[in-house]
Amino acid sequence: VNENGENWSMGQRQLVCLGRVLLKKSKILVLDEATASVDTATDNLIQQTLRQHFTDSTVITIAHRITSVLDSDMVLLLSQGLIEEYDSPTTLLEDKSSSFANLVAEYTTRSSSNFEKSVDH
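Residues 1 to 121 (full-length UniProt numbering) make up the sequence shown, in order.
Here is the structure:
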């Protein structure tokens, strides 16, 4: 390993950072795009690990992947740097006019479309 992990990919560095957090058993985590450089399967494993090992911790997640926050206690949605919505994911999803519900619907549609394309080929 080179100094600062320069010979590792960004995704590999992110996994090492998350491993360090697991070992420290931190009570407060700030995850800023923590899974941005990993594939979807790895992201799912990371989310499962966070759910299992940090139930008694405060986890602040900054993410563009909507799946990263679906099981959070609260979601704060920003638009152009301003608070647009703040509530539990369940409450936001129940309001079909909410921006959060629209983002989840868009993600679901896009994911289904990508899956169908991969099956067709």
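Using N, Cα and C, we set each Cβ at its ideal position, and we do this for glycine too.
- Leucine 31 counts as buried, since at least 16 other C-beta atoms from the protein chains shown sit within 10 angstroms of its C-beta.
- Below 8 Å, enough C-beta pairs join the stretch 47-62 and the stretch 15-29 to call them touching: three or more.
- Under DSSP, isoleucine 46 shares a beta bridge with no residue.
- Our two residues, threonine 58 and aspartate 87, have alpha carbons roughly 16 Å apart in a direct line.
- Here threonine 90 carries a helix assignment [DSSP, helix/strand/coil].
- A straight-line Cα-Cα distance of about 9 Å links aspartate 43 and threonine 67.
- Here leucine 70 carries a coil assignment [DSSP, helix/strand/coil].
- Annotation for arginine 65: Thr35, Asp43 place their beta carbon closer than 7 Å to its own, counting only its chain and skipping 5 residues before and after.
- CA-to-CA, the gap between glutamate 33 and alanine 41 works out to about 16 Å.
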